[in-house]
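**Q** The sequence shown begins at 30 in our numbering and counts up one residue at a time. For glycine and all other residues, C-beta sits at the position ideal for the given N, C-alpha and C. I have a structure I would like to understand better, so I am pasting it below and will then ask my questions one at a time.
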Amino acid sequence: MKNSAKPRSGNSKNLVLQLFLLLAFLTGPLTFAHCDSYDGPVIKDAYAALKAEKVAPVLKWIEPKYEDEITILFKKTLQYKEKDPQVYDLLKMHFFETLVRLHREGEGEPYTGLKPAGNISPVIQKSDAAMEAGTVELLLKDLNSRTGNLLKEKYERLLELKAHKEESTAQGRAFVAAYVDYTHTVKAIYDLLAEASDGHHVPAIEKIHKN
Numbered sequence: 030m031k032n033s034a035k036p037r038s039g040n041s042k043n044l045v046l047q048l049f050l051l052l053a054f055l056t057g058p059l060t061f062a063h064c065d066s067y068d069g070p071v072i073k074d075a076y077a078a079l080k081a082e083k084v085a086p087v088l089k090w091i092e093p094k095y096e097d098e099i100t101i102l103f104k105k106t107l108q109y110k111e112k113d114p115q116v117y118d119l120l121k122m123h124f125f126e127t128l129v130r131l132h133r134e135g136e137g138e139p140y141t142g143l144k145p146a147g148n149i150s151p152v153i154q155k156s157d158a159a160m161e162a163g164t165v166e167l168l169l170k171d172l173n174s175r176t177g178n179l180l181k182e183k184y185e186r187l188l189e190l191k192a193h194k195e196e197s198t199a200q201g202r203a204f205v206a207a208y209v210d211y212t213h214t215v216k217a218i219y220d221l222l223a224e225a226s227d228g229h230h231v232p233a234i235e236k237i238h239k240n
């Protein structure tokens with residue numbers, strides 16, 4: 030008799046889409062941070078602000094309490110744009126570092142220095158590309174596939190071991206290990222969705238990667 034306990038497409042698809050949107054936009058710095066990269070959106074706006082000589086493009090990246098600090102530093106940096114290129118380059122770097130540090134503080138995350146270009150996670154590159162293109166369909170297709178494969182692999186492994194769990198202690202332990210892995214993954218996904226639905230920043234996806 031075939032096992033009929035297969036994932037149901039409707040709810041599973043919704044879960045998959047929600048999960049990976051959360052993965053792309055809400056996870057913590059160890060897996061998806063990109064605002065501290067030279068090719069990330071914060072530094073891109075910083076370059077644009079200096080070129081236009083207007084601080085407005087960068088203010089959205091920081092909390093209101095930091096606006097005066099950034100504005101003062103921005104004006105000081107611009108004073109040397111034509112006067113002394115070497116000093117300007119030093120002040121520009123300090124401006125970038127300060128801007129990113131204050132942005133990270135606003136996120137409640139530590140600042141660990143500016144990262145070189147090309148350091149952005151592929152999933153973030155795709156999520157940014159989707160935003161620029163004005164369509165999320167290709168991103169959802171890719172993420173749906175990746176999440177579906179993750180859950181399907183753990184699910185099928187569990188069913189395979191379940192059929193033999195009473196044949197020996199070793200096989201029983203293998204089943205238990207797979208069961209713990211599977212349930213911890215599902216629980217981590219559930220917790221992620223529950224926390225994110227309350228508007229919380231959620232780095233808890235690391236629980237999934239550890240299993």
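#1: Using the rule of at least 16 other Cβ atoms within 10 Å of the residue's Cβ for burial, across every protein chain shown, is alanine 78 buried or exposed?
#2: Taking a contact to mean a Cβ-Cβ separation below 7 Å, would you say phenylalanine 204 touches lysine 216 in this structure?
#3: Per the contact definition of three or more C-beta pairs closer than 8 Å, is the segment 102-122 in contact with the segment 152-166?
#4: By the DSSP assignment, the alpha helix (DSSP H) with asparagine 178 in it spans what residues?
#5: Does the Cβ-Cβ distance between isoleucine 101 and glycine 135 come in under 7 Å?
#6: What are the partner residues of lysine 144, as DSSP defines its beta bridges?
#7: Can the beta-carbon of lysine 183 be found closer than 7 Å to that of tyrosine 211?
#8: Which of helix, strand or coil does DSSP assign to glutamate 138?
#9: Could you compute how far the alpha carbon of serine 66 sits from the alpha carbon of glycine 142?
#10: Roughly how many angstroms separate the alpha carbons of isoleucine 149 and lysine 155, rounded to a whole number?
#11: Taking only three categories from DSSP, how would you classify serine 156?
#12: Using CA atoms only, rank isn't needed, just tell me which of Glu138, Ala199 and Ile218 is closest to glycine 4.
#13: Considering only residues of the same chain and omitting the five flanking positions on each side of glycine 201, which have a CB-CB separation below 6 Å?
#14: Leucine 167: buried (16+ other C-beta within 10 angstroms of its C-beta) or exposed?
#15: What three-state label does DSSP hand glutamate 126 in the structure shown?
**A** Taking the structure as given:
#1: The count along the sequence shown starts at 1 and reaches residue 78 at position 49. Alanine 78 is buried by the Cβ-count criterion.
#2: The residue labelled residue 204 in the question sits at position 175 within the sequence shown. The residue labelled residue 216 in the question sits at position 187 within the sequence shown. No, the Cβ-Cβ distance between phenylalanine 204 and lysine 216 is not below 7 Å.
#3: no
#4: Within the sequence shown, the letter at position 149 stands for residue 178. Note, asparagine 178: alpha helix (DSSP H), 166-191.
#5: Position 72 of the sequence shown, counting from 1, holds the residue named residue 101. Position 106 of the sequence shown, counting from 1, holds the residue named residue 135. No, these two residues do not count as a Cβ contact at 7 Å.
#6: Taking the sequence shown and counting its residues from 1, one reaches residue 144 at position 115. Answer is Ser66.
#7: Sequence index remark: in the sequence shown, residue 183 carries index 154 (1-based). Sequence index remark: in the sequence shown, residue 211 carries index 182 (1-based). Yes; because the gap between Cβ atoms is below 7 Å, this pair is in contact.
#8: For the purposes of this step, residue 138 is taken as residue 109 along the sequence shown, with counting starting at 1. Glutamate 138 falls in the coil class under three-state DSSP.
#9: In the sequence shown, the residue the question calls residue 66 occupies position 37. In the sequence shown, the residue the question calls residue 142 occupies position 113. About 9 Å.
#10: In the sequence shown, counting from the first residue as 1, residue 149 sits at position 120. In the sequence shown, counting from the first residue as 1, residue 155 sits at position 126. The straight-line gap from Cα to Cα measures roughly 10 Å.
#11: Taking the sequence shown and counting its residues from 1, one reaches residue 156 at position 127. Correct three-state label for serine 156: helix.
#12: Nothing about residue 4 can be reported from this structure: the residues present for the chain run from 30 to 240 only.
#13: Position 172 of the sequence shown, counting from 1, holds the residue named residue 201. Within the same chain, glycine 201 has close Cβ partners Lys194.
#14: Translated into positions along the sequence shown, residue 167 becomes position 138. Exposed: under 16 other Cβ atoms inside 10 Å.
#15: Here residue 126 refers to the residue found at position 97 of the sequence shown. Looking at glutamate 126 - three-state DSSP - the assignment turns out to be helix.
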